[in-house]
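Each residue of the sequence shown is one higher than the one before, starting from 2 at the first, in this note's numbering.
We put the CB at the ideal spot given by N, CA and C, even for glycine.
The structure under discussion appears below in the form of structure tokens.
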Amino acid sequence: MKLFIPADSAAVSIGANETAAAFEHALADAQIIRTGSRGLYWLEPLVEIEHAGRRIGFGPIEASDVPVLAEQLARGDYESHPAYVGDIDHLLHEQGQRRFTFARCGVIEPADWPAFVAHGGSAGLRAALDNSGQAIVDAVKQSGLRGRGGAGFPTGIKWQTVHDTAAATKYVVCNADEGDSGTYADRMLMEGDPFTLFEGMAIAGVAVGAEHGLIYLRSEYPDAARVLRQALEVARAQGMLGDDVLGSGKAFDIDLRIGAGAYICGEETSLLESLEGKRGLVRFKPPLPAVQGFMGKPTIINNVITLASIPAIMAHGAANYHDLGVNKSRGTLTIQLCGNVARPGLYEMPFGVTLDHLINELGGGSASGRPVRTAQVGGPLGAYVPAAHFATPLGYEEMAEKKAMIGHGGVVVFDDSVDMAQQARFAMEFCDLESCGKCTPCRVGSVRAQEVIDRIRADDEREANIALLRELCDTMINGSLCAHGGMAPFPVLSALNHFSEDFGVREAAAVAR
Numbered sequence: 002m003k004l005f006i007p008a009d010s011a012a013v014s015i016g017a018n019e020t021a022a023a024f025e026h027a028l029a030d031a032q033i034i035r036t037g038s039r040g041l042y043w044l045e046p047l048v049e050i051e052h053a054g055r056r057i058g059f060g061p062i063e064a065s066d067v068p069v070l071a072e073q074l075a076r077g078d079y080e081s082h083p084a085y086v087g088d089i090d091h092l093l094h095e096q097g098q099r100r101f102t103f104a105r106c107g108v109i110e111p112a113d114w115p116a117f118v119a120h121g122g123s124a125g126l127r128a129a130l131d132n133s134g135q136a137i138v139d140a141v142k143q144s145g146l147r148g149r150g151g152a153g154f155p156t157g158i159k160w161q162t163v164h165d166t167a168a169a170t171k172y173v174v175c176n177a178d179e180g181d182s183g184t185y186a187d188r189m190l191m192e193g194d195p196f197t198l199f200e201g202m203a204i205a206g207v208a209v210g211a212e213h214g215l216i217y218l219r220s221e222y223p224d225a226a227r228v229l230r231q232a233l234e235v236a237r238a239q240g241m242l243g244d245d246v247l248g249s250g251k252a253f254d255i256d257l258r259i260g261a262g263a264y265i266c267g268e269e270t271s272l273l274e275s276l277e278g279k280r281g282l283v284r285f286k287p288p289l290p291a292v293q294g295f296m297g298k299p300t301i302i303n304n305v306i307t308l309a310s311i312p313a314i315m316a317h318g319a320a321n322y323h324d325l326g327v328n329k330s331r332g333t334l335t336i337q338l339c340g341n342v343a344r345p346g347l348y349e350m351p352f353g354v355t356l357d358h359l360i361n362e363l364g365g366g367s368a369s370g371r372p373v374r375t376a377q378v379g380g381p382l383g384a385y386v387p388a389a390h391f392a393t394p395l396g397y398e399e400m401a402e403k404k405a406m407i408g409h410g411g412v413v414v415f416d417d418s419v420d421m422a423q424q425a426r427f428a429m430e431f432c433d434l435e436s437c438g439k440c441t442p443c444r445v446g447s448v449r450a451q452e453v454i455d456r457i458r459a460d461d462e463r464e465a466n467i468a469l470l471r472e473l474c475d476t477m478i479n480g481s482l483c484a485h486g487g488m489a490p491f492p493v494l495s496a497l498n499h500f501s502e503d504f505g506v507r508e509a510a511a512v513a514r
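This is how it looks when you write it as structure tokens:
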């Protein structure tokens, strides 16, 4: 009997290791395989057994639940178990998920090279090695892939710039400094299927003529660092990385670098400063990193999910990926649903799914049972989307029309007990704490904004201070050097515009929006 139990850090935090140990004791002859997570976090610790060619899931299964389940498994009578979920692949399909990027996550052991290859791994890199760099870049452009780290910039255009910039040395940098609240897709991928990230980076290197890759990983991810180091050794031993990538004669290798916990280093130019051993401060642009990036050389900088999407595009064709999505948002979005929601988890869905379907149908509504009032989409600098706008399709331009953004795909749910004025203040407090300090609008504006919000909440010249807060937000948006200060006003303005009553504004006296 084969049992699959996640070693994903989130699953481990709620007892997956204890569950695995209990099965080792109860079913001594069973083979226990520690995988990444399927992303069904409301079912963790999730246990899957292999039966008749299918994976049958049970969850959540705590260590105390193991004796009874083990006895039923031994008898072949398991469907009556209260934690029986059934075929997990069927469940994901019923939810409408399309696992392009996360096809192997939770399915295989993270550093098992034969299993990786058996499940389609390395096919994208092999296809890329058979093509010219320009052909690879063209495929990425045709796929419609846009950066999944927040800005949504077309990936192929960025790669084209690096490809066309003449230089003896070029770099591929993976931004794994996943610091947004409510996001964990990067961590899940790195802990559950690291070879896919390496494959995407190697394809990028082949495309633009870079032989060096760097992964900048946030220090708060020690489990991901451990898995990445182990997988890098295996990838080199198997010829995926090194001087002769898969026998092609082309060289590409990857170094892992650990950050020091600064949120601002998720911004690409601050990340480059940190990688070069300097303080993480925002750089002026131009020049763009694609022209002068790491050590002054042309550099591709993409986040984990962007790079991990590339292998499927190369293996299955750009058109296959482009066929999913809506308008200018193509392919799949890895949505991380969390907060006050009944069924939190990672949902890899085609662009165009609505927040209403995601939160109320797939997510089961609020965990508290109270009405959902809002969701913050896109991290701590993302806007609060009111329930009245939940019918908006998740797409870059569609969300922008509602003065919101997708960002890294994090969705944090709040019920009707939330104090939105308090949340607005928190946004500015966060901006203040994590500012690099280089520009005045961000460094000083975030402090002044907290003071103004405090006066509004205390009913101190409320209307005048609301007007002042809006003016201050406008200054930060238009005067900050980077998106940290430029986007911190988004959650504040969205809270003020959609939930003015929490700021003490009566409907009849509401400030013009």
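* Which two residues bound the contiguous beta strand (DSSP E) that contains residue 259? -> Looking up residue 259 in the sequence shown gives position 258. Counting along the chain, the beta strand (DSSP E) containing residue 259 begins and ends at 254-259.
* **residue 164: first and last residue of the uninterrupted alpha helix (DSSP H) it sits in** => In the sequence shown, counting from the first residue as 1, residue 164 sits at position 163. For residue 164, the enclosing alpha helix (DSSP H) stretches over residues 156-165.
* **Status (buried if at least 16 other CB within 10 Å, exposed otherwise) for residue 123** => In the sequence shown, the residue the question calls residue 123 occupies position 122. It is buried - the Cβ of residue 123 has at least 16 other Cβ atoms within 10 Å.
* Asked: Taking C-alpha atoms, which residue in 69, 103, 39 lies nearest to residue 89?
  -> Translated into positions along the sequence shown, residue 89 becomes position 88. Nearest to residue 89 by alpha-carbon distance, out of 69, 103, 39, is 39.
* Between residue 129 and residue 407, what straight-line distance do the alpha-carbon atoms span, to the nearest angstrom? -> In the sequence shown, counting from the first residue as 1, residue 129 sits at position 128. In the sequence shown, counting from the first residue as 1, residue 407 sits at position 406. Using only the alpha carbons, I get a separation of about 30 Å.
* residue 513 - DSSP class collapsed to helix/strand/coil -> Against the sequence shown, residue 513 aligns to sequence position 512. Here residue 513 scores only 43 on pLDDT, less than 50, and its place in the model should not be relied on; the value that follows carries that caveat. The three-state secondary structure of residue 513, taken from DSSP, is coil.
* To do: Quickly, what does DSSP pair residue 83 with across the bridge? List them, please.
  => Along the sequence shown, one-based indexing puts residue 83 at 82. DSSP, once it has assigned bridges, lists no residue as partnering residue 83.
* Asked: According to the neighbour-count rule (16 or more other Cβ atoms, all chains shown, within 10 Å of its Cβ), is residue 117 buried or exposed?
  -> Locating residue 117 in the sequence shown gives position 116, counting from the first residue. Classification of residue 117: buried, given that the 10 Å Cβ count is 16 or more.
* Asked: In whole angstroms, what separates the C-alpha of residue 175 from that of residue 81?
  -> In the sequence shown, the residue the question calls residue 175 occupies position 174. In the sequence shown, the residue the question calls residue 81 occupies position 80. Cα to Cα, the separation comes out at about 46 Å.
* Neighbourhood of residue 513 by C-beta distance below 8 Å, restricted to the same chain and skipping five residues each side -> Within the sequence shown, the letter at position 512 stands for residue 513. Its pLDDT being 43, under 50, residue 513 is placed unreliably by the model, and the measurement read from it follows with that caveat. The answer is none, since no qualifying residue turns up.
* Taking only heavy atoms of the ligand GDP into account, decide whether any of them is closer than 6 Å to the Cβ of residue 503. => What this structure holds is no ligand at all, so the ligand GDP is not there to describe.
* Do the CB positions of residue 63 and residue 12 come within less than 7 Å of each other? -> Position 62 of the sequence shown, counting from 1, holds the residue named residue 63. Position 11 of the sequence shown, counting from 1, holds the residue named residue 12. Against a cut-off of 7 Å, the Cβ pair of residue 12 and residue 63 comes out as no contact.
* 8 Å Cβ shell around residue 1 - same chain, five flanking residues per side excluded -> Only positions 2 to 514 of the chain appear in the structure, and residue 1 is not among them; the question remains open.
* Own chain, CB closer than 7 Å to residue 193, minus 5 neighbours either side, in chain order -> In the sequence shown, counting from the first residue as 1, residue 193 sits at position 192. Exclusion of the five residues before and after residue 193 leaves 9, 36, 37, 38, 106, 107, 111 as the residues of its chain whose Cβ lies within less than 7 Å of its Cβ.
* When the distance is taken between beta carbons, is residue 262 closer than 7 Å to residue 271? -> Taking the sequence shown and counting its residues from 1, one reaches residue 271 at position 270. Taking the sequence shown and counting its residues from 1, one reaches residue 262 at position 261. Note that the C-beta distance between residue 271 and residue 262 is not below 7 Å.
* Note down the Cα distance separating residue 505 from residue 458, rounded to an integer number of angstroms. => By one-based count along the sequence shown, residue 505 stands at place 504. By one-based count along the sequence shown, residue 458 stands at place 457. When rounded, the distance between both Cα atoms is 7 Å.
* Local Cβ density within 10 Å of residue 220, reported as buried at 16 or more and exposed below that -> Translated into positions along the sequence shown, residue 220 becomes position 219. Classification for residue 220: exposed.
* To do: Would you give the residue range spanned by the beta strand (DSSP E) that residue 338 belongs to?
  => The sequence position of residue 338 within the sequence shown is 337, counting from 1. In the DSSP assignment, residue 338 falls within the unbroken beta strand (DSSP E) covering 333-340.
* Asked: Are the CB atoms of residue 269 and residue 301 nearer to each other than 7 Å?
  -> In the sequence shown, the residue the question calls residue 269 occupies position 268. In the sequence shown, the residue the question calls residue 301 occupies position 300. Cβ atoms of residue 269 and residue 301: not closer than 7 Å.
* Are there 16 or more other CB atoms within 10 angstroms of the CB of residue 286, so buried, or fewer, so exposed? -> In the sequence shown, the residue the question calls residue 286 occupies position 285. Residue burial is scored here from C-beta neighbours: residue 286 has fewer than 16 other C-beta atoms within 10 angstroms and is therefore classed as exposed.
* To do: In the DSSP assignment, find the beta strand (DSSP E) that holds residue 52 and state where it starts and stops.
  => The residue labelled residue 52 in the question sits at position 51 within the sequence shown. It spans 48-52 - the beta strand (DSSP E) in which residue 52 sits, taken as one unbroken run.
* Would you say residue 376 and residue 327 are within 7 Å of each other, going by their C-beta atoms? -> Walking along the sequence shown from the start, residue 376 turns up at place 375. Walking along the sequence shown from the start, residue 327 turns up at place 326. Contact flag unset, no.
* To do: Please report the Cβ distance between residue 99 and residue 325, rounded to the nearest whole angstrom; I am assuming they are in contact, meaning their Cβ atoms lie under 8 Å.
  => Within the sequence shown, residue 99 is the residue found at index 98, counting from 1. Within the sequence shown, residue 325 is the residue found at index 324, counting from 1. Sure, about 6 Å apart at Cβ, within 8 Å.
* For the beta strand (DSSP E) that residue 375 lies in, which residues bound it at each end? -> Mapped onto the sequence shown, residue 375 falls at position 374. Counting along the chain, the beta strand (DSSP E) containing residue 375 begins and ends at 373-378.
* To do: Count the other CB atoms, across all protein chains shown, that sit within 10 Å of the CB of residue 320; report buried if there are 16 or more and exposed otherwise.
  => Here the question's residue 320 lines up with position 319 in the sequence shown. Around the beta carbon of residue 320, a 10 Å sphere encloses fewer than 16 other beta carbons of the protein chains shown; the residue is thus reported as exposed.
* Using the beta-carbon count (16 or more within 10 Å), is residue 389 buried or exposed? -> Position 388 of the sequence shown, counted from the start, is the residue given in the question as residue 389. Of the residues assessed, residue 389 falls on the exposed side of the cut-off, its CB having fewer than 16 other CB atoms within 10 angstroms.
* **Whole-number beta carbon distance between residue 70 and residue 7, since they are thought to touch under 8 Å** => Here residue 7 is taken as the residue at index 6 of the sequence shown, counted from 1. Here residue 70 is taken as the residue at index 69 of the sequence shown, counted from 1. Not a contact, Cβ separation roughly 16 Å.
* Candidates 409, 474, 461, 154: which alpha carbon is nearest residue 432's? -> In the sequence shown, residue 432 corresponds to position 431, counting from 1. Answer by Cα proximity: 474.
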